[in-house]
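K.L.:
If you're matching positions, the sequence shown starts at 1 in the UniProt record's numbering and goes up one per residue.
Shown below is the structure under consideration.
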Amino acid sequence: MPAQVLVLYFAKSAELTGVKQEEVAAVPTPISSRDLWNLLLRRHPRYKALCDVDCACVPGGRGRGGGGAASQRRIEHEADEMSEEQSDALKLSHDWLSVQEVVDAVNSASCGAVSVFIGTTREDVVGGGRKVSALVYEAYEAMAQSEFSKVCADIRERWPSVTHICAHHRLGCVKVGEASVVMAISSPHRHDGLQAIQHCIEQLKANVPIWKKEVYDTEEVSWKENSECPWSSHRKHQC
Numbered sequence: 001m002p003a004q005v006l007v008l009y010f011a012k013s014a015e016l017t018g019v020k021q022e023e024v025a026a027v028p029t030p031i032s033s034r035d036l037w038n039l040l041l042r043r044h045p046r047y048k049a050l051c052d053v054d055c056a057c058v059p060g061g062r063g064r065g066g067g068g069a070a071s072q073r074r075i076e077h078e079a080d081e082m083s084e085e086q087s088d089a090l091k092l093s094h095d096w097l098s099v100q101e102v103v104d105a106v107n108s109a110s111c112g113a114v115s116v117f118i119g120t121t122r123e124d125v126v127g128g129g130r131k132v133s134a135l136v137y138e139a140y141e142a143m144a145q146s147e148f149s150k151v152c153a154d155i156r157e158r159w160p161s162v163t164h165i166c167a168h169h170r171l172g173c174v175k176v177g178e179a180s181v182v183m184a185i186s187s188p189h190r191h192d193g194l195q196a197i198q199h200c201i202e203q204l205k206a207n208v209p210i211w212k213k214e215v216y217d218t219e220e221v222s223w224k225e226n227s228e229c230p231w232s233s234h235r236k237h238q239c
């Protein structure tokens, strides 16, 4: 039976299609993500530029890469940072990030280690001698919360001693030298926490729908994919 699907566009896909969201009527059901993708390509031929790097997202899935189309689902995520029981928290904000706020969120009297990762914008030099002057971040916030919960569940399976997990990720423009992500993990001993924090940032970059655009000193811009993504062209070249 045909259905109506709400499609959301993010990052480069929004720029190529010229819309942030649209209702697609008379979609046959059931329909695979590939068939839905092809349907969208017929509506927006310019979207073909993303075929090799993007990933369509259906309810229960995710969309990443440099593009970012996703069908909508509603997700609620709650975390009680004040509880001494295990807690997970992801905060997305356009404000400056506070390292101390993140550390305070995971502190526990039962833990002897707080492992911290801070990711900043670096002044990278790319093709043509252009320098990166800033990064611009965009997220599918509801799904980001859901995917981060999965990352946390995976961490707890691998390192059961981990107590609290907290990550704050900035959205919007982040200039060179400024922090784009701050995350902290508390654990009774440092070994598990240090391994868990590395796994956490890698999985966040691979699976949580947050996109980044490089801004150069020439005023040019370019959406970039994370090399950690399974479908990344960088990853394919390494295989």
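No residue lacks a Cβ here, since even glycine has one placed at the ideal position from N, Cα and C.
Do ALA144 and LEU97 have their C-beta atoms closer together than 8 Å?
P.N.:
Contact: no.
K.L.:
Would the stretch 193-204 count as touching the stretch 157-177 if we require 3 or more Cβ pairs under 8 Å?
P.N.:
Taking 8 Å as the limit for Cβ pairs, the verdict is that the stretch 157-177 does touch the stretch 193-204.
K.L.:
Taking LYS91 as part of the alpha helix (DSSP H), name the residues at either end of that continuous run.
P.N.:
No alpha helix (DSSP H) contains LYS91, which is instead part of the beta strand (DSSP E) from 87-93.
K.L.:
With a CB to CB cut of under 6 Å and the five nearest residues on each side skipped, what residues in its chain are close to HIS44?
P.N.:
Hits under 6 Å: THR17.
K.L.:
Return helix, strand or coil for ILE155, following the three-state DSSP convention.
P.N.:
It is helical.
K.L.:
Applying the 10 Å Cβ sphere with the 16-neighbour rule, what's the burial state of VAL181?
P.N.:
When all chains shown are included, VAL181 counts as buried.
K.L.:
Check the C-beta distance from GLY193 over to ILE185 and give it rounded, since I have them as a contact under 8 Å.
P.N.:
Right, the Cβ-Cβ distance comes to about 5 Å (below 8 Å), so this counts as a contact.
K.L.:
What is the residue span of the alpha helix (DSSP H) that HIS191 lies within?
P.N.:
Its alpha helix (DSSP H) spans residues 190-207.
K.L.:
Taking the alpha helix (DSSP H) that SER115 belongs to, which residues open and close that run?
P.N.:
Here SER115 belongs to no alpha helix (DSSP H); instead the beta strand (DSSP E) covers 113-120.
K.L.:
So what does DSSP say about TYR47, is it helix, strand or coil?
P.N.:
Note: TYR47 maps to helix in three-state DSSP.
K.L.:
Whole angstroms is fine: what's the gap from LYS48's alpha carbon to PRO2's?
P.N.:
The straight-line gap from Cα to Cα measures roughly 25 Å.
K.L.:
Whose CA, out of LEU92, CYS111 and GLU138, lies closest to the CA of LYS224?
P.N.:
Considering only alpha carbons, the answer is GLU138.
K.L.:
Among VAL106, VAL24, ILE197 and VAL136, whose alpha-carbon lies nearest the alpha-carbon of LYS213?
P.N.:
With distances taken between Cα atoms, LYS213 lies closest to VAL136.
K.L.:
So VAL174 packs on THR121, CB below 8 Å; how close in whole Å?
P.N.:
5 Å between Cβ atoms; contact.
K.L.:
Assign ALA79 to buried or exposed, taking buried as 16 or more other Cβ atoms, counted over all protein chains shown, within 10 Å of its Cβ.
P.N.:
Bear in mind that the predicted position of ALA79 carries a pLDDT of just 38, short of 50, making it unreliable; the figure below should be weighed with that in mind. So ALA79 ends up on the buried side.
K.L.:
So, with DSSP's three-state summary, where would you put LYS20?
P.N.:
Three-state DSSP puts LYS20 in coil, outside helix and strand.
K.L.:
Rounding to the nearest angstrom, what Cα-Cα distance links THR29 and GLN100 in this structure?
P.N.:
Spanning the two alpha carbons is a distance of roughly 49 Å.
K.L.:
State buried or exposed for ASN207, treating a residue as buried only when at least 16 other CB atoms are found within 10 Å of its CB.
P.N.:
So ASN207 ends up on the buried side.
K.L.:
If you draw a straight line from the alpha carbon of VAL7 to that of PHE148, how long is it in whole angstroms?
P.N.:
Going from the Cα of VAL7 to the Cα of PHE148 covers about 22 Å.
K.L.:
Kindly identify the DSSP beta-bridge partner or partners of LEU135.
P.N.:
According to DSSP, which records beta bridges pairwise, LEU135 is partnered with VAL174 and GLU214.
K.L.:
For ALA196, which residues in the same chain have their Cβ closer than 6 Å to its Cβ, ignoring the five residues on either side in sequence?
P.N.:
Cβ within range, chain order: ILE155, TRP159, VAL162 and ILE185.
K.L.:
Give the single residue among VAL102, GLU15, ALA142 and GLN4 whose Cα lies nearest to the Cα of VAL221.
P.N.:
The residue with the shortest Cα to Cα distance from VAL221 is GLU15.
K.L.:
Return yes when the Cβ of GLN4 is within less than 8 Å of the Cβ of VAL19, no when it is not.
P.N.:
It is not a contact, given that the beta carbons lie outside the stated cut-off.
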